[in-house]
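So the sequence lines, in the order shown, correspond to chains P and C.
Each residue of the first sequence is one higher than the one before, counting from 1 in my numbering.
Each residue of the second sequence is one higher than the one before, counting from 389 in my numbering.
Backbone N, C-alpha and C define an ideal beta-carbon position, used for all residues, glycine too.
These numbers were taken from a predicted model, which means no experiment stands behind them.
One structure is given here, and the rest of the page talks about it.
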Amino acid sequence: MTAWYGYRRADGSVGSRNYVGIIPAVTCANDVANAICREVQGTVTYPHHQGCCQLPPDLERVTETLISLGKSPNLGAILIVSLGCEGTNHARMYEELKATGKPVEIIHIQKIGGVSKAIREGTDIARRLVMQISGQLREPADLSEVIMSIKCGGSDTTSGMASNCVIGYVADKLVDLGATVVFGETTEFIGGEHLLARRAVNKEVADRIYQIVDEMEQRAKSIGCDMRRGQPTPGNIAGGLSSIEEKSLGAIVKSGTRPIQGVLDYTEHITNQKGLWIKDTPGREPEILTGMAATGAQFMCFSTGRGAPQGFPSMPVIKICGNPNTYENMKDDMDINAGLILTGEKSIEEVGEEVFEKSIQVLNGEMTRNEAIQYFTSIDIFCLGPVI
Amino acid sequence: MEELKIALKVNDLDNVATIFANGIVDGTVVAVRDKKGNREEIAVMGNVPYGHKIAVKDIHIGEKITKYGEEIGIATREIIKGEYVHIHNLDSMRGRGDLEKEKAE
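In structure tokens form, the structure reads like this:
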């Protein structure tokens, strides 16, 4: 059944957007990537802060995350911008992305002869790639081909009672239609992990849920202080969330009620894995949004109470606001008013259907508020070790 | 007479309820409601901002504070029914690197 129209990729995935991704292989290539992106319409870039002077496991993590990001169905072609001496494996990035069947090019700033020359050459390549893919037509796609990522940010107590309930409704509906739904924010499982583990498809998955939560909590505890004010944040606390447990119990509502199929590592790209999945990510926007785009999500449903405006360059983000006061105050940044649930004007199901419809429109190409205001340049990759 | 503002109790096990209303000050009477339609009027103690919680029964120091039917922390003081509940009288039991550090010293 035709439910939406998307860009079919050689690897079988379907995109909701058709951008050329300008991927800096290391933070030191950001300025060149940014300059190319400014020059060429139809490109997006990912200025992150990783890729050199890190321990080998983290360098591998960055390499793999950038490869997964490049595999995103929302990208039709890739230009990798390498400095030349970075710690990430830019040759592997090129090879693995080339294997997807997408047009992939790479430039090395040092080899080309400096920044100005790299910008000139990169701009020419990016223009060529944009023109090469821009004629691709959208084709019919099924709902089972949808990959939705979900997240809550700038939460308050309305999140667990309104906007996350709405996302949970949409998650259940998409899972029942054979689609893929991915949620993360491992920090915000703390205190609610037993509820998630009960929904795991088997003991192995349940054990893994406990394990990722324990690892995340141990990392926080290793600093020797109370996590509160780091998580929950001062904004969460001002919004009435008293503890990480309370925040978590409200946050996991957005995963709905269906069985949890497994846990994806932060760097992982999904391949024909249907149903509800967890991705092991922190709660902070720059890192989790990159992780979710790297999963291969075509879009994200993002709930907020305090008013979190962040998005991601190649993954449209639908903002669902659960707090009626915030919605009135920040209307221009919000796509859906779930605050009407708390004022008693609409039910969770009604707003859930509204979000479902909006999701289909966005998959078809309708711009979200976040895309229109282009509030998506603060992005990063979640690493585990120190910068050295 | 103006209708009372509502405090929502999510689960039968909960000893707190959340007030989604502006202008709740010390002495305001709210109607605590649950999903079954039960209703109880309680006078609020303290100024409670939008989306914050009150106790719906007395909670003793060291006792669990419960919302969604699950533990969200421990009472660090004696809390009286109707009293504002937040970080001044509720402590998280998770991510407490400070407690582990104390134990180790």
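Residues bridged to residue i [DSSP beta-bridge criterion]
i	result
valine 81 of chain P	P:Pro24, P:Ile107
valine 181 of chain P	P:Met148, P:Leu276
glutamate 471 of chain C	C:Met433
glutamate 459 of chain C	C:Thr454
arginine 8 of chain P	P:Val14
threonine 45 of chain P	P:Ile22
leucine 396 of chain C	C:Thr406, C:Arg421
isoleucine 67 of chain P	Looking at the DSSP assignment, isoleucine 67 of chain P forms no beta bridge with any residue, so it has no partner.
cysteine 321 of chain P	P:Thr304, P:Asn337
glycine 483 of chain C	Bridge partners of glycine 483 of chain C: none, in fact.
arginine 427 of chain C	C:Arg421
isoleucine 412 of chain C	C:Val436
Whole-angstrom distance between residue j and residue i, CA atom to CA atom
i	j	result
aspartate 124 of chain P	glutamate 96 of chain P	23 Å
tyrosine 327 of chain P	aspartate 333 of chain P	9 Å
asparagine 435 of chain C	threonine 454 of chain C	21 Å
alanine 293 of chain P	glutamate 39 of chain P	24 Å
histidine 108 of chain P	isoleucine 244 of chain P	44 Å
threonine 290 of chain P	glycine 483 of chain C	25 Å
cysteine 321 of chain P	aspartate 176 of chain P	25 Å
leucine 174 of chain P	valine 182 of chain P	11 Å
valine 44 of chain P	cysteine 37 of chain P	6 Å
methionine 433 of chain C	glutamate 268 of chain P	50 Å
serine 248 of chain P	glutamate 188 of chain P	4 Å
glutamate 493 of chain C	serine 222 of chain P	14 Å
lysine 111 of chain P	glycine 84 of chain P	7 Å
asparagine 164 of chain P	glutamate 458 of chain C	17 Å
threonine 406 of chain C	isoleucine 412 of chain C	12 Å
methionine 315 of chain P	lysine 469 of chain C	47 Å
glutamine 298 of chain P	aspartate 486 of chain C	41 Å
phenylalanine 356 of chain P	glycine 224 of chain P	43 Å
threonine 343 of chain P	isoleucine 278 of chain P	32 Å
aspartate 207 of chain P	alanine 197 of chain P	7 Å
isoleucine 475 of chain C	glycine 385 of chain P	32 Å
alanine 35 of chain P	glutamate 371 of chain P	19 Å
aspartate 335 of chain P	glycine 113 of chain P	45 Å
phenylalanine 408 of chain C	glutamate 350 of chain P	20 Å
lysine 254 of chain P	glutamate 60 of chain P	31 Å
Chain C residues whose Cβ lies nearer than 8 Å to that of residue i
i	result
threonine 158 of chain P	Phe408, Gly439
glycine 239 of chain P	Gly439
arginine 228 of chain P	Ile475, Ser480, Gly483
methionine 161 of chain P	Leu396, Val398, Thr406, Phe408
leucine 342 of chain P	Phe408
asparagine 325 of chain P	Asn410, Tyr438
For residue j and residue i, believed in contact at Cβ under 8 Å, the rounded distance
i	j	result
aspartate 380 of chain P	proline 286 of chain P	4 Å
glycine 153 of chain P	glycine 256 of chain P	Their Cβ separation, rounded to whole angstroms, is 18 Å, which puts glycine 153 of chain P and glycine 256 of chain P out of contact at 8 Å.
aspartate 156 of chain P	glycine 240 of chain P	6 Å
isoleucine 270 of chain P	threonine 295 of chain P	5 Å
arginine 17 of chain P	asparagine 74 of chain P	4 Å
alanine 141 of chain P	tyrosine 5 of chain P	6 Å
isoleucine 22 of chain P	leucine 66 of chain P	12 Å between Cβ atoms; not a contact.
proline 57 of chain P	proline 24 of chain P	About 20 Å; that fails the 8 Å criterion.
isoleucine 147 of chain P	threonine 186 of chain P	Their Cβ separation, rounded to whole angstroms, is 20 Å, which puts isoleucine 147 of chain P and threonine 186 of chain P out of contact at 8 Å.
valine 417 of chain C	alanine 431 of chain C	5 Å
Under 8 Å from the C-beta of residue i: neighbouring residues of chain P
i	result
glutamate 488 of chain C	Lys221, Gly224
glycine 450 of chain C	Simply none; closest approach about 15 Å.
glycine 461 of chain C	Ser242, Ser243, Glu245, Glu246
glutamate 458 of chain C	Gly191, Gly192, Leu195, Glu245, Leu249
lysine 455 of chain C	Glu246, Leu249
Own chain, CB closer than 7 Å to residue i, minus 5 neighbours either side, in chain order
i	result
serine 480 of chain C	Gly461
arginine 199 of chain P	Pro259, Ile260
histidine 49 of chain P	Thr27, Asp380
valine 32 of chain P	Val81, Ile109, Val115, Ala118, Ile119, Gly122
asparagine 410 of chain C	Tyr438
Where residue i meets chain P, residues with beta-carbon distance less than 9 Å
i	result
leucine 392 of chain C	What leucine 392 of chain C touches in chain P: nothing, since even the nearest Cβ is about 14 Å away.
Close beta carbons around residue i, own chain, < 6 Å, minus the five adjacent residues each side
i	result
arginine 258 of chain P	Asp172, Val175, Leu276
methionine 330 of chain P	Gly307
alanine 419 of chain C	Leu392, Ile394, Arg427, Glu429
aspartate 402 of chain C	Thr454, Lys455
phenylalanine 376 of chain P	Gly311, Phe312, Pro313
Close-in-space but distant-in-sequence residues of the same chain around residue i (CB under 8 Å, 5 per side omitted)
i	result
cysteine 53 of chain P	Gly87, Val387, Ile388
glutamine 136 of chain P	Tyr7, Asn18, Gly76
glycine 101 of chain P	Arg9, Ala10, Asp11
isoleucine 458 of chain P	Summary: the structure shown does not reach residue 458 of chain P, with chain P confined to residues 1 through 388, and so no result is reported for it.
serine 378 of chain P	Glu285, Pro286, Gln310
lysine 98 of chain P	Val104
methionine 367 of chain P	Pro316
Listed by chain order, chain C residues near residue i by CB distance under 9 Å
i	result
glutamine 231 of chain P	Gly483
Interface residues of chain C facing residue i [CB-CB closer than 7 Å]
i	result
glutamate 217 of chain P	Arg482, Gly483
Any C-beta of chain A under 9 Å from that of residue i
i	result
glycine 365 of chain P	Within the model displayed, chain A is absent; protein chains P and C are what it includes.
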